[in-house]
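Everything on this sheet refers to the single structure shown next.
2 protein chains.
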Amino acid sequence: MSKRLSKSDLIPIGEMARRTGLSVSAIRFYEDRGLIEPVRTSGNQRRFLRSDIRRVSFILIAQQLGLTLGEIDAEMRKLPQGRTPTARDWEVISRSIRALLDRKIAQMSAMRDRLDGCIGCGCLSLKRCAIYNPEDKMAQLGAGPRLVLDPPV
Amino acid sequence: MSKRLSKSDLIPIGEMARRTGLSVSAIRFYEDRGLIEPVRTSGNQRRFLRSDIRRVSFILIAQQLGLTLGEIDAEMRKLPQGRTPTARDWEVISRSIRALLDRKIAQMSAMRDRLDGCIGCGCLSLKRCAIYNPEDKMAQLGAGPRLVLDPPV
DNA sequence: GCTTGATCTCAAGTTAACTCGAGGTTGCAT
DNA sequence: ATGCAACCTCGAGTTAACTTGAGATCAAGC
Chain A
135 MSKRLSKSDL IPIGEMARRT GLSVSAIRFY EDRGLIEPVR TSGNQRRFLR SDIRRVSFIL
195 IAQQLGLTLG EIDAEMRKLP QGRTPTARDW EVISRSIRAL LDRKIAQMSA MRDRLDGCIG
255 CGCLSLKRCA IYNPEDKMAQ LGAGPRLVLD PPV
Chain B
135 MSKRLSKSDL IPIGEMARRT GLSVSAIRFY EDRGLIEPVR TSGNQRRFLR SDIRRVSFIL
195 IAQQLGLTLG EIDAEMRKLP QGRTPTARDW EVISRSIRAL LDRKIAQMSA MRDRLDGCIG
255 CGCLSLKRCA IYNPEDKMAQ LGAGPRLVLD PPV
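This is the structure we're talking about:
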């Protein structure tokens, strides 16, 4: 006899929302982004697997770490079957995230140190400022929305 | 006799763009945001003062430091006459920016450290994860666009 | 006086990560 | 069988920091 799917194994979106703390619309949005792929009932309603809760948890944790949904998606697609991460996967991924965080912190620290050297100089010259012009071209931040570090405190 | 305004003291927008490295549209945008206030010719064209170059430089430097235009605007309005910052002003402002940067770095470092404790645990549980749930409610990141630390490398 | 390049305004598009609302359908308990 | 909460889709709105484009006007040299 095969393992039956009990009713409680297929979770509707509202319950997903309650269990993960996300809003219903956010969950739908993640589906649009391709981060989760619920099945559908005959009546076209979403039904999630229990493993999707873990998957969403993973997304939320990674977000707390400052990854964008794009970066998170990339990490997850690196997994063998594109599957919900296991404990082992999580270890691999979290190491790579750590490296990413380290780089970002180093970048900000460098900026702060340059600022220290700048306090009191008052140069305010684009041509000479150590911050604005550290070794020619650090200003690779590109177009579009700029570096946003934090919401206004 | 009064000091005459020589032609070269009133800078048109195109020259501003060349001198600051900004695009013409970005300069207009900054004006819309109230960050700069050029005068107008009889024919309604913008003319900038030399001091506006310093003002724009200041904006660009502060942006490199990770401040939003809103934060920059706030800093500048703190100045005595809402004037283009002098060397002394710059010192005061840069100290306050430094403090801001320090806070942001500390926040990220704390997150990274929590990640370290997490590597290998594989819990992936929203209820128990130290990252997702550090002392109840660190998750004050709010709605709207999330923490974006860096453009994709 | 004419041409040409620089400017002008205003509206709409871009990216990220969602939210909100309208108008319509499903699923489950009674 | 019916009522109603929960679900569905789709389009538009939000914020930040700009860009792009259309259609019109200005400034300056020849």
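Line by line, the protein sequences are chains A and B. Quick note on numbering: the first sequence equals residues 135 to 287 in our numbering. Quick note on numbering: the second sequence equals residues 135 to 287 in our numbering. All C-beta atoms in this analysis are idealised placements derived from N, C-alpha and C, irrespective of residue type, glycine included.
Determine the closest residue to A:V173 out of A:R167, A:D166 and A:F182, with distance taken between C-alpha atoms. In the first sequence, the residue the question calls residue 173 of chain A occupies position 39. It is A:F182.
Look at the Cβ atom of B:I239, then the Cβ atom of A:S243, and state whether they are nearer than 8 Å. Reading the second sequence from its first residue, position 105 is the one you call residue 239 of chain B. Reading the first sequence from its first residue, position 109 is the one you call residue 243 of chain A. Yes, these two residues count as a Cβ contact at 8 Å.
Contact between the stretch 159–171 of chain A and the stretch 203–212 of chain A: three or more CB pairs below 8 Å? yes
If we define contact as Cβ-Cβ less than 8 Å, is A:L213 a contact residue for chain B? As a first step, residue 213 of chain A must be located in the first sequence, where it is residue number 79. Cβ-Cβ to chain B under 8 Å: no for A:L213.
Would you kindly work out how many angstroms separate the C-alpha atoms of B:R280 and B:G177, rounded to a whole number? One-based indexing of the second sequence puts residue 280 of chain B at position 146. One-based indexing of the second sequence puts residue 177 of chain B at position 43. Residue placement at B:R280 is poorly supported in this model, since its pLDDT is 33, which falls under 50; the coordinates still yield a value, given next. Whole-angstrom Cα-Cα distance: 43 Å.
Could you spell out where the beta strand (DSSP E) holding B:R181 opens and where it closes? Within the second sequence, numbered from 1, the residue matching residue 181 of chain B stands at position 47. R180 to F182 is the span of the beta strand (DSSP E), which, as asked, contains B:R181.
Chain A within 8 Å of B:K271, Cβ atoms only: Within the second sequence, the letter at position 137 stands for residue 271 of chain B. Below a pLDDT of 50, predicted positions are generally treated as unreliable, and B:K271, at 35, falls in that range; the measurement from the model is reported next regardless. Chain A, which has no Cβ nearer than 8 Å to the Cβ of B:K271, makes this no.
List, in order along the chain, the chain A residues whose C-beta lies closer than 7 Å to that of B:I239? For the purposes of this step, residue 239 of chain B is identified with residue 105 of the second sequence, where counting begins at 1. Neighbours of B:I239 on chain A, chain order: I239, M242, S243 and R246.
Between the stretch 156–178 of chain B and chain A, which residues of the former have a C-beta closer than 7 Å to a C-beta of the latter? none
May I ask you to report which of helix, strand or coil DSSP gives B:I170? In the second sequence, the residue the question calls residue 170 of chain B occupies position 36. DSSP places B:I170 in coil when its eight states are reduced to three.
Cβ of A:L183 less than 8 Å from any chain B Cβ? As a position in the first sequence, residue 183 of chain A is number 49, starting the count at 1. So, not an interface residue.
Going by DSSP, what residues sit across from B:I145 in a beta bridge? Here residue 145 of chain B is taken as the residue at index 11 of the second sequence, counted from 1. Its beta-bridge partners are B:F182.
Whose CA, out of B:L199, B:A233, B:D236 and B:R188, lies closest to the CA of B:A221? As a working note, residue 221 of chain B is residue 87 in the second sequence. Selected option, being the one with the closest Cα: B:R188.
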